[in-house]
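Chemist: Under the working numbering, the very last position in the sequence shown is 82; numbers go up by exactly one each time. I have a structure here, written as structure tokens, and I will follow up with some questions on it.
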Amino acid sequence: MSDKTRIKKGDRVRDAKWGGKFTGTVVRVQTSASRRWVYVQWDNIAVEDQLLDYEVEALGTRIEGEIPTVFLTVTKTEGPA
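What follows is the structure, given as structure tokens:
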């Protein structure tokens, strides 16, 4: 993937993994062990997926500003409930 088409946070994408059925917004990206992961918050689904950058295709639009995540913060409590 060239730098011109590199997917970034805020980019609107469509899945390439499931036949283009889903669209969403990239909420973060991570490079690890020469792999580039994108985290996509899908439209109308309370799910955020971790996919390789070639498993999504950019739609050419992007969301500016803060993108809230769908992940909830879980806290550990000590002792029995």
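All C-beta atoms, glycine included, are put in the ideal place defined by N, C-alpha and C. Just so you know, these numbers come straight off a predicted model, no measurement behind them.
Could you tell me which of Lys9, Arg29, Arg13 and Arg36 sits nearest to Phe23, measuring between CA atoms?
Modeler: For the options Lys9, Arg29, Arg13 and Arg36, the alpha carbon positioned closest to that of Phe23 is the one of Arg13.
Chemist: For Asp50, which residues does DSSP report across the bridge?
Modeler: Val41
Chemist: Suppose you measure from the CA of Ala59 to the CA of Gly20; what does that come to, to the nearest Å?
Modeler: 14 Å
Chemist: Report the residue from Ile68, Ile64, Thr62 and Leu53 whose alpha carbon sits nearest the alpha carbon of Ala34.
Modeler: Leu53
Chemist: For the putative contact between Val30 and Arg36, defined by C-beta atoms under 8 Å, what is the C-beta separation to the nearest angstrom?
Modeler: Actually they are not in contact, since the Cβ atoms of Val30 and Arg36 sit about 11 Å apart, beyond 8 Å.
Chemist: Once you ignore the five residues that flank Lys10 on each side, which residues in its own chain have a CB closer than 8 Å to its CB?
Modeler: Val27, Val28, Arg29, Val30 and Ile68
Chemist: Of all the CB atoms in chain D, is at least one closer than 7 Å to the CB of Gly21?
Modeler: The structure shown contains no chain D; it is built from a single protein chain.
Chemist: What did DSSP end up calling Glu56 once you bin it into helix, strand or coil?
Modeler: helix
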